[in-house]
Structure formats: C-alpha cells, structure tokens
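Remarks on the structure that follows.
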Amino acid sequence: MTYTVKFREDALKEWQKLDKAIQQQFAKKLKKCCDEPHIPSAKLRGIKDCYKIKLRASGFRLVYQVIVVVN
Numbered sequence: 001m002t003y004t005v006k007f008r009e010d011a012l013k014e015w016q017k018l019d020k021a022i023q024q025q026f027a028k029k030l031k032k033c034c035d036e037p038h039i040p041s042a043k044l045r046g047i048k049d050c051y052k053i054k055l056r057a058s059g060f061r062l063v064y065q066v067i068v069v070v071n
C-alpha cells in the first residue's frame with residue numbers, strides 16, 4: 001500500500017516558512033515514509049497513529065499522522 005502526504009492548512013503555513021534546504025531534507029524523509037509510515041521507533045506515545053521525523057543536525061522535528069481512507 002502506498003500513502004500520500006497532505007498538509008493541514010496551519011502545517012502548510014509552517015512548512016512554507018522553513019528554509020528550502022530543510023524542506024528538501026524533510027521531503028526526502030517523507031517520501032520514504034510514504035512506502036512504510038508505521039515506524040515503531042518513531043511512534044509518539046499518547047497520540048494515535050502519530051510518528052516523528054527528526055533532523056538531528058538542524059534540530060528540527062516533524063510530526064505526521066497516518067490516516068487510512070477507504071474509498
């Protein structure tokens with residue numbers, strides 16, 4: 001199963017404020033997450049189906065939620 005990325009409106013505004021280099025780093029990691037988004041080591045506790053991506057060198061974090069939509 002392949003997943004797609006959709007931004008909430010407030011998240012999209014934050015994304016657009018990021019430096020292009022940071023956006024590219026996150027985009028690369030998000031692309032990998034589209035193939036397999038359920039990464040146990042990245043799972044956030046207390047929030048259903050939410051996972052994190054960390055850019056250690058720059059100190060940025062991104063949280064994404066996996067929502068399954070059945071057509």
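For the sequence shown, position 57 (counting from the first letter as 1) is numbered 57 according to my numbering, and the numbering increases by one without interruption.
All C-beta atoms in this analysis are idealised placements derived from N, C-alpha and C, irrespective of residue type, glycine included.
Query: With H, G and I counted as helix, E and B as strand and the rest as coil, what does DSSP make of Leu44?; Result: coil
Query: How far does the beta strand (DSSP E) with Lys54 in it extend, from its first residue to its last?; Result: 50-55
Query: Do the region 55-70 and the region 16-30 touch if we need at least three Cβ pairs shorter than 8 Å?; Result: yes
Query: Looking at the unbroken beta strand (DSSP E) that takes in Leu18, where does it start and where does it end?; Result: Where Leu18 is concerned, there is no enclosing beta strand (DSSP E), given that its DSSP letter is neither H nor E.
Query: Distance, Cα to Cα, Gln24 vs Asn71?; Result: 31 Å
Query: Of all the options Leu30, Val68, Asp35, Val69, which has the alpha carbon lying nearest to the alpha carbon of Lys52?; Result: Leu30
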